[in-house]
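Worksheet: one structure, shown below.
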Amino acid sequence: VGASVPPGNSLLPEAVKEIQKLYPQLQVKAIVSNAANIQRGILKNQIDLAVIEGKASYEEIRCESLTEGNLELIVPPGHVLLEQSRIYLKDVAEYPMLLREKGSAGRGFLDHAFAMQGLELKPVWESTSTRALLNAVAQGLGISILPSLLVSEDLKEGKVAAKKIEDESFRWGNYIIWHRQKFLTPVMEHFVKLCRSLSGQELSGPPDHTR
328 VGASVPPGNS LLPEAVKEIQ KLYPQLQVKA IVSNAANIQR GILKNQIDLA VIEGKASYEE
388 IRCESLTEGN LELIVPPGHV LLEQSRIYLK DVAEYPMLLR EKGSAGRGFL DHAFAMQGLE
448 LKPVWESTST RALLNAVAQG LGISILPSLL VSEDLKEGKV AAKKIEDESF RWGNYIIWHR
508 QKFLTPVMEH FVKLCRSLSG QELSGPPDHT R
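Under the numbering used here, the first residue of the sequence shown is numbered 328, with each subsequent residue one higher.
What follows is the structure in structure tokens.
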């Protein structure tokens, strides 16, 4: 199994733990990398199932939604952007950006969104770690745009602040993916169900250990 970095930090460990409880003899190998690498692993049959942020980029990959949310603009408390009644992407582009690395789904999504408005992203920080980016924003080193699910605790604790961008909704979410030609074994099917359940969707029925 595989995952891009955010769901690899949150959803994947719990899903692997639960599937190994149900199938104690099962050995699960996991790969956490950026979404581009994970999708290549799916295409090359090196990974059976994966959870990624954002939709898959290839027609050969089946993609099912697990969670829906959005990306949020995250700034240090007291940042000047918080004083503006309305802000737009062009306003955001004027400040030092702290972003995920090239090849991640989130970075590709943002590069496209800014490019559609004729804006180029030139981050001063790039990281595979959302936590590193959040800590850097909290220290006043720049601003970032990150999944709302991953920044909620820092927002509650007041370490960072959020601001709505008027001209971009940044709809986002996690997806479970596999190759369209992949035969899903009963164990794989239950892993998919577990990921749905852990993402807040209903888990339909117990696993069938006789199949």
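Ideal placement from N, C-alpha and C gives every residue a C-beta, glycine not left out.
Here the alpha carbon of E493 sits roughly 26 Å from the alpha carbon of R458. Secondary structure at H439: helix, using DSSP grouped into helix, strand and coil.
Within the same chain, and ignoring the five residues on either side of E395 in sequence, the residues whose Cβ sits closer than 6 Å to its Cβ are G500.
In its chain, beyond the 5 residues on either side, P404 have a beta carbon closer than 7 Å to the beta carbon of G485. L393 sits close to I503, with the two beta carbons spaced by under 8 Å. By the Cβ neighbour-count rule, M424 is buried, with 16 or more other Cβ atoms within 10 Å of its own. Taking L338 as the centre and dropping the five residues before and after it, the same chain places the C-beta of A330, V378, L393, N501, C522, L525, S526 closer than 8 Å to its C-beta, in chain order. Annotation for L426: the continuous beta strand (DSSP E) segment containing it runs 425-427. Looking at the DSSP output, C390 sits in a beta bridge with I504. A direct Cα-Cα distance of roughly 22 Å separates L482 from A420.
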